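J.:
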Amino acid sequence: MAKNKKKRLKGSFRVNTQKAKKNQNKGLGQRWKEKSKTGESKDFSIPEYQRDIIQFAEKEVYLPEKKEELIKLEKWEREVFTDCFYKNRPRLILVSLAKKNGKSTFSAI
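Be aware that the sequence shown starts at 168, since it is given in my numbering, and climbs by one per residue.
1. Determine the extent of the alpha helix (DSSP H) in which residue 247 is found, giving its start and end residues.
2. To the nearest angstrom, report how far apart residue 193 and residue 187 are at their CA atoms.
3. Would you give the residue range spanned by the alpha helix (DSSP H) that residue 275 belongs to?
4. Output yes or no for whether 8 Å exceeds the beta carbon distance between residue 244 and residue 273.
5. Taking the straight line between their C-alpha atoms, what separation do you get for residue 260 and residue 175?
6. If residue 222 and residue 215 are in contact, beta carbons under 8 Å, what's the gap, nearest whole angstrom?
7. What are the boundary residues of the alpha helix (DSSP H) that residue 223 is part of?
8. Under a Cβ-count criterion, where at least 16 other Cβ atoms within 10 Å of its own Cβ denotes burial, should residue 265 be classed as buried or exposed?
9. Output the distance between the C-alpha atoms of residue 172 and residue 271, rounded to the nearest integer angstrom.
10. Could you pull the start and end residues of the alpha helix (DSSP H) that residue 216 belongs to?
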């Protein structure tokens, strides 16, 4: 780590001008539009999703680059989720996949 590295104050992350605030709010508005593409926004605390991670993933998770298309879990992904969330609930899971096979999306769910 650099010796002379200065820490930023919390206030330095805030926008200072009205124009910057407007741009920041515009960006937040666009993010909410992206989130609303899957239809009615549901919280994971809804009883139908509390015990079923697979149903939650297939009805609520989508990839922004695919626009409005929801993800579809493959058979092996369902098996891993079943083993992890419905059976023994291990502390650590190791999933080894080749490049560009959805490791990040799988981990995010």
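A virtual CB, placed ideally from N, CA and C, is assigned to each residue, including glycine.
Being a predicted model, the structure only gives us computed values, none of them experimental.
T.: Answer, in terms of the structure:
1. 242–249
2. 10 Å
3. 270–275
4. yes
5. 36 Å
6. 7 Å
7. 220–227
8. exposed
9. 32 Å
10. 214–217
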